[in-house]
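Participant: Take this structure, written in structure tokens, and hold onto it; I'll ask about it next.
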Ligand code: SIN
């Protein structure tokens, strides 16, 4: 079987570039991998936008790691496993919690802005953590502080070639190995074959499959889709995390209001003014995200409302301004005073727990291809990610990828550079009748109404059918970013819907109203997908 490249044939001969390592994506996972790999190897970091246009950059909460005397990796392990609702891979979680503290301390050497009081790190509480363990920088600006520090570290070394506005369309494969990626320069329209002995996917998540998400518009699941097309295994796709407190508004991406605010004592209220989480979970508003979201959906249905209320008015206003400057100022710009009024909030698509399956060294099932960060499925999150474990995962597993490079690269002495790749021409006809923008909108509507927070067999079957029809209506993409993204979104959305249909139970972030119970006998296992042949 010929492998399905998405790229249509190009009129001109593509440019060729050669590297030891290419890293695709510029969030914490990509930057960490690039900085580490560049100590020894010739590296390119490729971003389809500008470096800072990532989910990492938007992260408010912080990084979870057992750094205090009251904490331990064992406690962090137990919290992560409990939140993951029976599907975490324990060896991966052990690595996350054991190696995490050292990685965070290393990060602090290049990013001095982590918040301290009297020299000690300030540790925040977030949902389902039994002790305060979240380190943060600039109050609620952790992601931008960390991303800026890592970017500076990368730019100080001369070995990383940074390619912005360069969209990776597909991975290149030969003889069962990944040997790089083909990209399109979005400014010049030039296609390039980027040959590399190792390719690291760090492309982030796929929140754009839903109408409302906290993810930036670039989060279109490109890495998951291209890895799948190249023959790698993807899995746990049914587990999409909704965050309890997106600012209720008509425009996606929704502004996230960090869980750390509830960690400082903010309440969730229904329209009758009741703290509805009290009695639902021992940690009330700080229960695991899946538990809080499930109850929020119930409350909104019972009250026939589209949002609930986040109340911080009983907290000290000076503290709110100092600890949450981003949240405070952004809300003020949007007409809400956090100190004095209740804020309308709604659960919103936030994070993909599934993705490209990796082993404990970030290796995917396709030799030569590694994955780290949200695009990867290392197994640490199970069916429901523990808050602030995601930046940590990027740090820990990108570091392990860097440590594995020697082994892989030396086993591949004859690099891929002598190979020539035959890219196939268009394989799909269609008239693009509805246009790309309306195609994306339609996909988001299908996913939101049928594959959202609560799912059922009828809706999921409808979604799979509708997504198939949408795919069938498209022509092969040419040189337009949105066209490629739409194909990737459809690939990812279809696998979310198919996995959700298969999993006839409710667990973590996957809730079925026709199968409301958790079924450990039949479903304490993972659903993987791999291209036939
Ligand atoms: C938050 O700040 O609430 C988000 C943190 C996370 O998603 O881990």
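Residue numbers (the numbering used here): 150 to 682.
The beta carbon of each residue, even a glycine, is placed where N, CA and C say it ideally should be.
Measure the beta-carbon distance from residue 418 to residue 458 and round it to whole angstroms, keeping in mind my assumption that it falls under 8 Å.
Facilitator: Confirmed, Cβ separation roughly 4 Å.
Participant: Taking 8 Å as the line, does the beta carbon of residue 405 fall inside it for any heavy atom of the ligand SAM?
Facilitator: Absence of the ligand SAM is noted for the structure shown, with the ligand SIN being the only ligands found.
Participant: If you count every other CB in all the chains shown that lies within 10 Å of the CB of residue 609, and 16 or more means buried, which is it?
Facilitator: The residue in question, residue 609, is buried, as its Cβ has 16 or more Cβ neighbours within 10 Å.
Participant: Is it buried or exposed, residue 336, if we count other Cβ atoms within 10 angstroms and call 16 or more buried?
Facilitator: The residue is exposed, with fewer than 16 neighbouring Cβ atoms inside 10 Å.
Participant: Assuming residue 664 and residue 387 form a contact by the criterion Cβ under 8 Å, report the distance between their Cβ atoms to the nearest whole angstrom.
Facilitator: Not a contact, Cβ separation roughly 12 Å.
Participant: According to DSSP, simplified to helix, strand and coil, what is residue 165?
Facilitator: Three-state result, residue 165: strand.
Participant: Return yes when the C-beta of residue 537 is under 8 Å from any heavy atom of the ligand SIN, and no when it is not.
Facilitator: Within the cutoff, so yes.
Participant: Might you give, ordered along the chain, the residues of its own chain that have their beta carbon closer than 8 Å to the beta carbon of residue 486, omitting 5 neighbours on each side?
Facilitator: Closer than 8 Å at the Cβ level, and outside the excluded window around residue 486, lie 480.
Participant: Counting only the same chain and skipping the five closest in sequence on each side, list residues whose C-beta sits under 7 Å from that of residue 226.
Facilitator: Around residue 226: 242, 243 and 246.
Participant: Pick out whichever of 631, 560, 677 and 175 has its Cα sitting closest to the Cα of residue 590.
Facilitator: Minimum Cα distance to residue 590 is reached at 631.
Participant: With a threshold of 9 Å between beta-carbons, can residue 634 be considered close to chain E, or not?
Facilitator: Of the protein chains in this structure there is only one, and it is not chain E.
Participant: Find the nearest neighbour of residue 315 within the set 174, 405 and 345, judged by alpha-carbon distance.
Facilitator: Taking only the C-alpha atoms, the option nearest residue 315 is 174.
Participant: Once the 5 residues before and after residue 576 are set aside, which same chain residues still bring their CB inside 8 Å of it?
Facilitator: Here residue 576 scores only 46 on pLDDT, less than 50, and its place in the model is too uncertain to base an answer on.
Participant: Could you have a look at residue 660 and say whether DSSP puts it in helix, strand or coil?
Facilitator: DSSP places residue 660 in coil when its eight states are reduced to three.
Participant: Helix, strand or coil for residue 332 per DSSP?
Facilitator: Of the three classes helix, strand and coil, the one that applies to residue 332 here is strand, per DSSP.
Participant: Since residue 466 is in the alpha helix (DSSP H), which residue starts that stretch and which ends it?
Facilitator: Unbroken alpha helix (DSSP H) run through residue 466: 466-472.
Participant: From the DSSP output, in three-state form, read off residue 185 for me.
Facilitator: Correct three-state label for residue 185: helix.
Participant: Smallest Cα separation from residue 288: which of 164, 209 and 677?
Facilitator: Nearest option by C-alpha distance: 209.
Participant: Which of the three DSSP states is assigned to residue 526 in this structure?
Facilitator: Three-state result, residue 526: strand.
Participant: So, are the CB atoms of residue 221 and residue 311 less than 9 Å apart?
Facilitator: Cβ distance not < 9 Å, so residue 221 and residue 311 don't count as in contact.
Participant: Specify, as a first and last residue, the run of the alpha helix (DSSP H) that residue 374 falls within.
Facilitator: Looking at the DSSP string, the run of the alpha helix (DSSP H) that includes residue 374 is 371-378.
Participant: Does the beta-carbon of residue 467 have 16 or more other beta-carbons within 10 angstroms, so that it is buried, or is it exposed?
Facilitator: Counting Cβ neighbours within 10 Å, residue 467 comes out exposed, since fewer than 16 surround it.
Participant: Find the nearest neighbour of residue 526 within the set 517, 542 and 516, judged by alpha-carbon distance.
Facilitator: Comparing Cα-Cα distances from residue 526 to each of 517, 542 and 516, the minimum goes to 542.
Participant: Going by the DSSP bridge assignment, what does residue 194 pair with across the sheet?
Facilitator: 172 and 311.
Participant: Does at least one heavy atom of the ligand SIN sit under 8 Å from the Cβ of residue 604?
Facilitator: Every heavy atom of the ligand SIN is 8 Å or more from the Cβ of residue 604, so no.
Participant: Around the C-beta of residue 582, are 16 or more other C-beta atoms found within 10 angstroms, so that it is buried, or is it exposed?
Facilitator: Unreliable placement is indicated for residue 582, whose pLDDT of 48 sits below 50; the coordinate value is still reported in the next sentence. Looking at its Cβ environment, which holds fewer than 16 other Cβ atoms inside 10 Å, residue 582 is exposed.
Participant: Per DSSP, which one or two residues make a beta bridge with residue 383?
Facilitator: The partner list for residue 383 (beta bridge, DSSP) reads 505 and 678.
Participant: If we ignore side chains and look at the alpha-carbon of each, how far apart do residue 171 and residue 192 end up?
Facilitator: Roughly 6 Å between the two C-alpha positions.
Participant: What residue range does the beta strand (DSSP E) around residue 342 cover?
Facilitator: Element bounds for residue 342: 340-350.
Participant: Just how far apart, CA to CA, sit residue 679 and residue 510?
Facilitator: Computed Cα separation, rounded: 20 Å.
Participant: Any heavy atom of the ligand SIN closer than 8 Å to the beta-carbon of residue 534?
Facilitator: Residue 534: yes, Cβ under 8 Å from the ligand SIN.
Participant: For residue 209, is the beta carbon positioned less than 8 Å from some heavy atom of the ligand SIN?
Facilitator: Within the cutoff, so yes.
Participant: Spell out the partners DSSP gives residue 316 in its beta bridges.
Facilitator: Residue 316 pairs with 333.
Participant: Who pairs with residue 390 in a beta bridge, going by DSSP?
Facilitator: Residue 390 pairs with 500.
Participant: State buried or exposed for residue 317, treating a residue as buried only when at least 16 other CB atoms are found within 10 Å of its CB.
Facilitator: Result: buried.
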